[in-house]
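In my numbering, the protein residues as written are 183 to 586.
This is the structure in structure tokens:
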């Protein structure tokens, strides 16, 4: 049985099923750890981890600890309440259909990838960052998101593992622009947020390539080297003309945590700018929903549960709730399985509830065949319901192709 306990309840002889933290916030090779002595417990505590999940069939038990099912039910119920769009957010609907915006979004994505790749190459070879290279790209991204944010967000789901850094930078940029817009910031602030987000990992170009792409367990020294990337990012942006304080804060603070457990400065609460707090949420969301050389991606709903759970200590809960409403429980362009067994692509969010989107049914798994696509509004009660996410790779389906 999997149970959730505090780190203070850990004892030698227990088996951690899930350390309940991002990979950069602990020094262990995987998420499963056997507690052999007190030194391991201290190491976990020193990472700022507050709660973990144990496997009682592989180690000692804690009698009154909640099961993972109980924890998930509680979190899911709170997220359901969070996910209901308010009137202000409903007023931010797209001004053009997604099928109309997709072609422009593809060109913007192509331009953004080339730009961030060129900038990172410049930094790697010791050249100065040229702000004009990024400003125009971010301006185009902002315009696209104001027309229909779902176009660029859905395209961000298609990426190559060996180009993770470029695609992650772009995706964090898109999500941060969308998030800042949803928060009601003015256009200038949104532009500055986008620039900082696109460049938030620029400091990784100062970290040795063999450490960044290492598949095996990182040493404590290598982890420290990687964590320095946030310091490098801040320094590079501070030394670049035309970069605002907002952009710098996004890059410098995206690994800080409100309880002081983050890095590089271990800032707490309001010591972290609101833009840094937003960037911390977005960075984790995008990293966990993408395949990486050392980690398979999580489905968005599971990541949102983690973010909500971690907002008890590490993140600003109000901002996590706003982010959930920004991206939705079921983001546009994701493949889902319905209770009927059919597979479909999320194409619109319902005006009534983010939990009951419009689904374009495209595949019959029972017959392993594509079907003539048809749309299903799940907010019309009495119809089908979403059972869970499905892997597009498993069924060889390109969800974005069905957004046209």
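Where a beta carbon is used, it is the ideal one built from N, C-alpha and C, also for glycine. The structure presented is a predicted model; accordingly, all values stated were derived computationally and were not measured.
Neighbourhood of residue i by C-beta, 7 Å cutoff - its chain only, sequence neighbours within 5 removed
{"i": "residue 386", "result": "347, 394 and 411"}
{"i": "residue 440", "result": "450, 451, 454, 459, 496, 497 and 498"}
{"i": "residue 194", "result": "217, 218, 219 and 220"}
{"i": "residue 288", "result": "337"}
{"i": "residue 354", "result": "379, 382, 464, 465 and 468"}
{"i": "residue 238", "result": "183 and 185"}
{"i": "residue 577", "result": "525 and 545"}
Environment of residue i [buried if 16+ CB atoms lie within 10 Å]
{"i": "residue 584", "result": "buried"}
{"i": "residue 472", "result": "buried"}
{"i": "residue 460", "result": "buried"}
{"i": "residue 553", "result": "exposed"}
{"i": "residue 338", "result": "buried"}
{"i": "residue 202", "result": "buried"}
{"i": "residue 429", "result": "buried"}
{"i": "residue 557", "result": "exposed"}
{"i": "residue 187", "result": "buried"}
{"i": "residue 569", "result": "exposed"}
{"i": "residue 285", "result": "exposed"}
{"i": "residue 358", "result": "buried"}
{"i": "residue 262", "result": "exposed"}
{"i": "residue 487", "result": "buried"}
{"i": "residue 370", "result": "exposed"}
{"i": "residue 431", "result": "buried"}
{"i": "residue 269", "result": "No answer about residue 269 holds up, because its pLDDT of 45 lies below 50 and its placement is not dependable."}
{"i": "residue 581", "result": "buried"}
{"i": "residue 307", "result": "exposed"}
{"i": "residue 272", "result": "Model confidence at residue 272 stands at a pLDDT of 47, short of 50, so the residue's coordinates are unreliable and nothing is read from them."}
{"i": "residue 310", "result": "exposed"}
{"i": "residue 208", "result": "buried"}
{"i": "residue 539", "result": "buried"}
{"i": "residue 516", "result": "buried"}
{"i": "residue 482", "result": "buried"}
{"i": "residue 252", "result": "exposed"}
{"i": "residue 437", "result": "buried"}
{"i": "residue 374", "result": "buried"}
Rounded distance between the beta-carbons of residue j and residue i, thought under 8 Å
{"i": "residue 380", "j": "residue 351", "result": "6 Å"}
{"i": "residue 250", "j": "residue 184", "result": "4 Å"}
{"i": "residue 434", "j": "residue 415", "result": "6 Å"}
{"i": "residue 234", "j": "residue 278", "result": "Going by Cβ atoms, the distance from residue 234 to residue 278 rounds to 46 Å, so no, they are not a contact pair."}
{"i": "residue 423", "j": "residue 313", "result": "7 Å"}
As assigned by DSSP and simplified to three states, the class of residue i
{"i": "residue 589", "result": "Here the chain comprises residues numbered 183 to 586, so residue 589 is not present and cannot be evaluated."}
{"i": "residue 306", "result": "helix"}
{"i": "residue 272", "result": "Here the model assigns residue 272 a pLDDT of 47, short of 50, so the residue's position is not dependable and the matter cannot be decided."}
{"i": "residue 480", "result": "coil"}
{"i": "residue 561", "result": "coil"}
{"i": "residue 219", "result": "coil"}
{"i": "residue 589", "result": "Outside the modelled stretch of the chain, which goes from 183 to 586, sits residue 589, for which no answer is possible."}
{"i": "residue 511", "result": "coil"}
{"i": "residue 566", "result": "coil"}
{"i": "residue 529", "result": "strand"}
{"i": "residue 197", "result": "strand"}
{"i": "residue 441", "result": "strand"}
{"i": "residue 579", "result": "coil"}
{"i": "residue 574", "result": "helix"}
{"i": "residue 551", "result": "strand"}
{"i": "residue 473", "result": "coil"}
{"i": "residue 452", "result": "helix"}
{"i": "residue 341", "result": "coil"}
{"i": "residue 423", "result": "coil"}
{"i": "residue 322", "result": "helix"}
{"i": "residue 546", "result": "strand"}
{"i": "residue 541", "result": "strand"}
{"i": "residue 491", "result": "helix"}
{"i": "residue 374", "result": "helix"}
{"i": "residue 312", "result": "coil"}
6 Å CB neighbourhood of residue i in its chain, flanking five on each side removed
{"i": "residue 196", "result": "217, 236, 241 and 242"}
{"i": "residue 230", "result": "443"}
{"i": "residue 264", "result": "503 and 506"}
{"i": "residue 514", "result": "332, 336 and 528"}
{"i": "residue 213", "result": "200 and 201"}
{"i": "residue 493", "result": "499 and 502"}
{"i": "residue 345", "result": "none"}
Close Cβ partners of residue i (< 8 Å) along its chain, the five nearest in sequence each way excluded
{"i": "residue 485", "result": "466, 467, 470 and 471"}
{"i": "residue 479", "result": "470, 471, 472 and 473"}
{"i": "residue 167", "result": "Since the first and last residues shown for the chain are 183 and 586, residue 167 lies out of range."}
{"i": "residue 326", "result": "283, 286, 287, 290, 333 and 334"}
Short CB-CB distance (under 8 Å) between residue i and chain B
{"i": "residue 583", "result": "Absence of chain B from the displayed structure is noted, only one protein chain being present."}
Is the number of C-beta pairs between the stretch 416–425 and the stretch 394–405 that are closer than 8 Å three or more?
-> Fewer than three Cβ pairs drawn from the stretch 416–425 and the stretch 394–405 lie within less than 8 Å of each other, which leaves the two stretches out of contact.
Item to complete: Report yes or no: do three or more beta-carbon pairs, one from the stretch 326–342 and one from the stretch 354–369, lie closer than 8 Å?
Response: Yes, they touch.
(Q) Pairs of beta-carbons, one from the stretch 538–546 and one from the stretch 504–524, closer than 8 Å: are there three or more? (A) The answer is yes - the stretch 504–524 touches the stretch 538–546, with three or more Cβ pairs under 8 Å.
If contact is defined by three or more beta carbon pairs under 8 Å, each pair taking one atom from either stretch, is the stretch 288–298 in contact with the stretch 309–328? Contact between the stretch 309–328 and the stretch 288–298 is present, because at least three Cβ pairs lie under 8 Å.
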